[in-house]
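Novice: Each protein sequence line maps, in turn, to chains W and R. Each residue of the first sequence is one higher than the one before, counting from 1 in my numbering. Each residue of the second sequence is one higher than the one before, counting from 141 in my numbering.
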Amino acid sequence: MRCAFPAIIIAVSVSSCGRSAITADRIERAFEPTFANLVQVQVSWLRVPPVTASDLDVTASCRRTAADVEAGAGEWVCKVRWFGPDRQPLRDTFDLIVTPDGCYTATAEGEQLGGVTLRSRDGRDVRNLLHTFEGCFDTI
Amino acid sequence: MNLQRAVAVASVECSKLSAQVKTRVALVAGAAGPFVFALAMRVQSSVPEDTLFGRSVKESGLALSLVVLGFSALWVLPVLASIVGGDVFAAEDRYGTWKTILTRSCRRSEVFAGKIATAFGFALLATAVLAVSSVAAGLLVIGSGPLVGLSGTLIPSSHALSRVALAWISVLPPVFGMTAVAVLLSVATRSSAAGIGLPVVMALTMQLYALVDGPEVVRRLLITSGFNAWHGLLAEPSYHGPLTHSAVVASVYVLSSLAIAYWLLRRRDVAA
Numbered sequence: 001m002r003c004a005f006p007a008i009i010i011a012v013s014v015s016s017c018g019r020s021a022i023t024a025d026r027i028e029r030a031f032e033p034t035f036a037n038l039v040q041v042q043v044s045w046l047r048v049p050p051v052t053a054s055d056l057d058v059t060a061s062c063r064r065t066a067a068d069v070e071a072g073a074g075e076w077v078c079k080v081r082w083f084g085p086d087r088q089p090l091r092d093t094f095d096l097i098v099t100p101d102g103c104y105t106a107t108a109e110g111e112q113l114g115g116v117t118l119r120s121r122d123g124r125d126v127r128n129l130l131h132t133f134e135g136c137f138d139t140i
Numbered sequence: 141m142n143l144q145r146a147v148a149v150a151s152v153e154c155s156k157l158s159a160q161v162k163t164r165v166a167l168v169a170g171a172a173g174p175f176v177f178a179l180a181m182r183v184q185s186s187v188p189e190d191t192l193f194g195r196s197v198k199e200s201g202l203a204l205s206l207v208v209l210g211f212s213a214l215w216v217l218p219v220l221a222s223i224v225g226g227d228v229f230a231a232e233d234r235y236g237t238w239k240t241i242l243t244r245s246c247r248r249s250e251v252f253a254g255k256i257a258t259a260f261g262f263a264l265l266a267t268a269v270l271a272v273s274s275v276a277a278g279l280l281v282i283g284s285g286p287l288v289g290l291s292g293t294l295i296p297s298s299h300a301l302s303r304v305a306l307a308w309i310s311v312l313p314p315v316f317g318m319t320a321v322a323v324l325l326s327v328a329t330r331s332s333a334a335g336i337g338l339p340v341v342m343a344l345t346m347q348l349y350a351l352v353d354g355p356e357v358v359r360r361l362l363i364t365s366g367f368n369a370w371h372g373l374l375a376e377p378s379y380h381g382p383l384t385h386s387a388v389v390a391s392v393y394v395l396s397s398l399a400i401a402y403w404l405l406r407r408r409d410v411a412a
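#1: Along the alpha helix (DSSP H) that carries R:Y393, what are the first and last residues, could you check?
#2: Determine the burial state of R:V219: buried for a count of at least 16 other Cβ atoms within 10 Å of its Cβ, exposed for fewer.
#3: Taking CB distances under 8 Å as the criterion, tell me whether R:Y379 reaches chain W.
#4: Are any of the Cβ atoms in chain W nearer than 8 Å to that of R:S291?
#5: What does the alpha-carbon distance come out to for the pair R:T267 and R:C246?
#6: To the nearest angstrom, report how far apart W:Q88 and R:S185 are at their CA atoms.
#7: So R:V335 packs on R:A259, CB below 8 Å; how close in whole Å?
#8: In whole angstroms, what separates the C-alpha of W:R47 from that of W:V116?
#9: Could you run through the segment 286-315 of chain R and flag, in chain order, every residue whose CB is less than 8 Å away from some CB of chain W?
#10: Go ahead and label R:Y393 buried or exposed: buried means 16 or more other beta carbons lie within 10 angstroms of its beta carbon, across all protein chains shown.
#11: Quick one: residues in its chain with C-beta nearer than 7 Å to the C-beta of W:S15, no 5 flanking neighbours on either side, listed in chain order?
#12: Could you have a look at W:R228 and say whether DSSP puts it in helix, strand or coil?
#13: Is the Cβ of R:V350 closer than 8 Å to any Cβ of chain W?
#14: Less than 8 Å separating the beta-carbons of R:P314 and R:G366?
#15: Using a Cβ cut-off of 7 Å, which residues of the segment 65-76 of chain W contact any Cβ in chain R, in chain order?
#16: Helix, strand or coil: how does DSSP classify W:W82 here?
#17: Rounded to the nearest angstrom, what separates R:V352 and R:V327 at their Cα positions?
#18: Give every residue of the same chain whose Cβ lies closer than 6 Å to the Cβ of R:P174, excluding the five residues on either side of it in the sequence, and list them in chain order.
#19: Say whether chain W places a C-beta atom closer than 8 Å to the C-beta of R:R359.
#20: How far does the alpha helix (DSSP H) with R:T258 in it reach, from first residue to last?
#21: Taking only the alpha-carbon atoms, compute the straight-line gap between R:I282 and R:L192 and give it to the nearest angstrom.
#22: Under 6 Å Cβ to Cβ from R:P296, same chain only, skipping five residues before and after it: list those, please.
#23: Which residues bound the beta strand (DSSP E) around W:E134?
#24: How far does the beta strand (DSSP E) with R:V161 in it reach, from first residue to last?
#25: Taking C-alpha atoms, which residue in R:L143, R:A221, R:A171, R:A178 lies nearest to R:V321?
#26: So W:G102 and W:T139 are in contact, right, with Cβ under 8 Å, and what is the actual spacing, rounded?
#27: Please check the pair R:R195 and W:T132, which I expect to be a contact at CB under 8 Å, by giving their CB distance rounded to whole angstroms.
#28: Please report the distance separating the alpha-carbon of R:V147 from that of R:T163.
#29: With a threshold of 6 Å on Cβ separation, who are the neighbours of R:M181 within its own chain once the five nearest residues in sequence on each side are excluded?
#30: Does the segment 113-128 of chain W come within contact of the segment 37-46 of chain W, defined as at least 3 CB pairs closer than 8 Å?
#31: Based on DSSP bridge pairs, tell me the residues matched to W:A108.
#32: I'd like to confirm the pairing. Which residues does DSSP put opposite W:V126 in its beta bridges?
#33: Against chain R, which members of the segment 106-137 of chain W pass a CB distance test of less than 8 Å?
#34: Answer with buried or exposed for W:Q40, where buried requires no fewer than 16 other C-beta atoms within 10 angstroms of its C-beta.
#35: Taking R:L192 as the query, report the chain W residues whose CB atoms sit under 7 Å from its CB, ordered along the chain.
#36: Starting from R:Q347, trace the alpha helix (DSSP H) both ways and give me its first and last residue.
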């Protein structure tokens with residue numbers, strides 16, 4: 001038994017030539033609705049008029065930072081185009097750390113989306129959900 | 141095999157366990173640990189940002205339970221899984237009691253079944269204690285605020301509670317897999333240190349490998365991958381592929397480990 005499992009693992013790994021399940025398409029398909037949902041939650045926390053996901057019209061374009069390989073876990077950059085609550089077009093960039101199990105941590109570049117906390121209309125400090133957030137997607 | 145005699149063996153093993161300091165300490169630590177963590181989170185300003193749901197830990201008590209789950213997967217669950225399984229057979233070698241119990245009215249298969257039931261029962265109990273305690277600590281110390289899920293949606297606390305419960309249930313297959321491996325090592329090495337220690341080292345090694353972007357198929361064969369299968373339950377829409385995969389992989393570990401352990405026990409010459 002103690003020898004069987006390592007043997008199986010080595011055998012399968014040697015025969016494994018498939019590409020990684022962490023692809024730009026999968027990340028973009030997970031990132032776009034997650035970002036739109038977080039904007040909606042953030043808007044409700046800030047006590048400003050609600051927006052719908054279709055109003056936001058989020059489009060993400062992601063690429064792996066290491067230029068030699070197009071897919072795989074590690075550092076990614078996502079450029080996001082979306083429409084703000086007052087319909088102005090916005091562009092933001094997020095740095096992603098993606099783990100092999102399909103979870104990522106996205107951190108906004110710059111201060112365009114605000115700091116770690118934001119002040120709501122009723123004067124409360126709330127966490128800025130868009131500053132850094134996590135998500136997961138299916139890799140199977 | 142007589143079921144009644146196997147139950148009698150399990151009953152005796154349970155009474156032995158209840159008298160052991162290590163099992164009491166494990167259960168008390170599992171019950172108290174989440175409350176200590178929750179109080180620390182409430183008092184201090186920083187949050188465990190490097191863990192999933194770590195940023196939400198002050199907003200929702202259920203996020204705290206998931207942070208405990210994520211942290212426990214690293215070594216706490218492997219320890220709880222193997223602390224009894226890795227010792228339940230080797231203890232008879234340590235005390236030299238195989239001759240005594242196998243010349244009584246119980247057959248080896250009945251002794252094996254009773255000890256296995258005890259090992260799996262303790263792994264289940266310890267995981268349940270940690271789960272219930274972490275949820276209770278979160279709800280009582282932090283509060284029942286809604287949870288921001290892994291797809292950015294706000295999950296109401298009543299709905300989130302059932303998903304958190306399912307998340308804890310989802311780690312049972314890999315926990316049982318670790319218990320079975322511990323049983324096998326306990327039988328094969330006749331050493332409690334190896335029976336308890338090696339599965340924990342194995343779990344840590346597997347999880348280190350999982351951080352490396354190696355071949356996907358190898359990562360899926362690791363039993364510890366099942367400790368993260370719950371992520372899909374907190375996404376919207378939820379996905380269950382990793383849960384099914386985890387259950388299948390864990391079943392293979394359980395069945396093969398127990399089959400080999402039983403074969404080793406059957407052919408052992410205790411009369412010599």
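The C-beta atom is built at its ideal place from N, Cα and C for all residues, glycine as well. The model shown is predicted, which means the values in this text are computed figures rather than measured ones.
Specialist: Taking the coordinates as given:
#1: Within the second sequence, the letter at position 253 stands for residue 393 of chain R. Per DSSP, R:Y393 belongs to the alpha helix (DSSP H) from 381-406.
#2: Within the second sequence, the letter at position 79 stands for residue 219 of chain R. Per the 10 Å Cβ criterion, buried.
#3: Counted from its first residue, the second sequence places residue 379 of chain R at position 239. Yes, because at least one Cβ of chain W sits closer than 8 Å to the Cβ of R:Y379.
#4: Locating residue 291 of chain R in the second sequence gives position 151, where the first residue counts as 1. Yes, R:S291 lies at the interface with chain W (some Cβ there is under 8 Å from its Cβ).
#5: As a working note, residue 267 of chain R is residue 127 in the second sequence. As a working note, residue 246 of chain R is residue 106 in the second sequence. So the two alpha carbons sit approximately 30 Å from each other.
#6: Sequence index remark: in the first sequence, residue 88 of chain W carries index 88 (1-based). Sequence index remark: in the second sequence, residue 185 of chain R carries index 45 (1-based). Whole-angstrom Cα-Cα distance: 35 Å.
#7: As a working note, residue 335 of chain R is residue 195 in the second sequence. As a working note, residue 259 of chain R is residue 119 in the second sequence. The residue asked about is misnamed: residue 335 of chain R is Gly in this sequence, not Val. So it is not a contact: roughly 10 Å between Cβ atoms.
#8: To locate residue 47 of chain W, count along the first sequence from 1; it is residue 47. To locate residue 116 of chain W, count along the first sequence from 1; it is residue 116. Pairing W:R47 with W:V116, the inter-Cα distance amounts to about 18 Å.
#9: V288, L290, S291, G292, T293, L294
#10: What you label residue 393 of chain R is simply residue 253 of the second sequence in a count that begins at 1. Buried, because 16 or more other Cβ atoms sit within 10 Å of the Cβ of R:Y393.
#11: Taking the first residue of the first sequence as 1, we reach residue 15 of chain W at position 15. Here the model assigns W:S15 a pLDDT of 42, short of 50, so the residue's position is not dependable, and the following value carries that caveat. Answer for W:S15: no residue qualifies.
#12: Outside the modelled stretch of chain W, which goes from 1 to 140, sits residue 228 of chain W, for which no answer is possible.
#13: Here residue 350 of chain R corresponds to residue number 210 of the second sequence, with the count starting at 1. What sits at residue 350 of chain R in the sequence shown is Ala, not Val. Answer yes: the Cβ-Cβ gap between R:A350 and chain W drops below 8 Å somewhere.
#14: Within the second sequence, numbered from 1, the residue matching residue 314 of chain R stands at position 174. Within the second sequence, numbered from 1, the residue matching residue 366 of chain R stands at position 226. Against a cut-off of 8 Å, the Cβ pair of R:G366 and R:P314 comes out as a contact.
#15: Contact annotation: in the segment 65-76 of chain W, residues whose CB is within less than 7 Å of a CB in chain R are G72, A73, G74.
#16: Residue 82 of chain W sits at position 82 when you count from the first residue of the first sequence. Looking at W:W82 - three-state DSSP - the assignment turns out to be strand.
#17: The residue labelled residue 352 of chain R in the question sits at position 212 within the second sequence. The residue labelled residue 327 of chain R in the question sits at position 187 within the second sequence. The alpha-carbon atoms of R:V352 and R:V327 are separated by roughly 32 Å.
#18: To locate residue 174 of chain R, count along the second sequence from 1; it is residue 34. Excluding positions up to five away in sequence, the list reads V208, S273, S274, A277.
#19: Numbered from its first residue, the second sequence carries residue 359 of chain R at position 219. True, the Cβ-Cβ gap to chain W drops below 8 Å.
#20: Here residue 258 of chain R corresponds to residue number 118 of the second sequence, with the count starting at 1. Here the alpha helix (DSSP H) through R:T258 covers 248-277.
#21: Residue 282 of chain R sits at position 142 when you count from the first residue of the second sequence. Residue 192 of chain R sits at position 52 when you count from the first residue of the second sequence. When rounded, the distance between both Cα atoms is 17 Å.
#22: Looking up residue 296 of chain R in the second sequence gives position 156. Closer than 6 Å at Cβ, skipping near neighbours: P286.
#23: For the purposes of this step, residue 134 of chain W is taken as the residue at position 134 of the first sequence. 132-136 is the extent of the beta strand (DSSP E) around W:E134.
#24: Position 21 of the second sequence, counting from 1, holds the residue named residue 161 of chain R. Note, R:V161: premise wrong, no beta strand (DSSP E); alpha helix (DSSP H) at 161-183.
#25: Reading the second sequence from its first residue, position 181 is the one you call residue 321 of chain R. Closest by alpha carbon: R:A221.
#26: As a first step, residue 102 of chain W must be located in the first sequence, where it is residue number 102. As a first step, residue 139 of chain W must be located in the first sequence, where it is residue number 139. The pair is a contact, with the Cβ atoms about 4 Å apart (cut-off 8 Å).
#27: Position 55 of the second sequence, counted from the start, is the residue given in the question as residue 195 of chain R. Position 132 of the first sequence, counted from the start, is the residue given in the question as residue 132 of chain W. Right, their Cβ atoms sit about 7 Å apart.
#28: Translated into the one-based positions of the second sequence, residue 147 of chain R becomes position 7. Translated into the one-based positions of the second sequence, residue 163 of chain R becomes position 23. Approximately 20 Å between the Cα atoms of the pair.
#29: Translated into the one-based positions of the second sequence, residue 181 of chain R becomes position 41. Hits under 6 Å: V197.
#30: yes
#31: The residue given as residue 108 of chain W occupies position 108 in the first sequence. BP columns for W:A108 point to W:F94.
#32: As a working mapping, residue 126 of chain W is identified with position 126 in the first sequence. DSSP output for W:V126 lists W:L118 as bridge partner(s).
#33: Result list: R127, L129, T132, F133, E134, G135, C136, F137.
#34: Numbered from its first residue, the first sequence carries residue 40 of chain W at position 40. Answer is buried; the Cβ neighbour count reaches 16.
#35: As a first step, residue 192 of chain R must be located in the second sequence, where it is residue number 52. What R:L192 touches in chain W: C103, E134.
#36: Numbered from its first residue, the second sequence carries residue 347 of chain R at position 207. Counting along the chain, the unbroken alpha helix (DSSP H) around R:Q347 starts and ends at 332-351.
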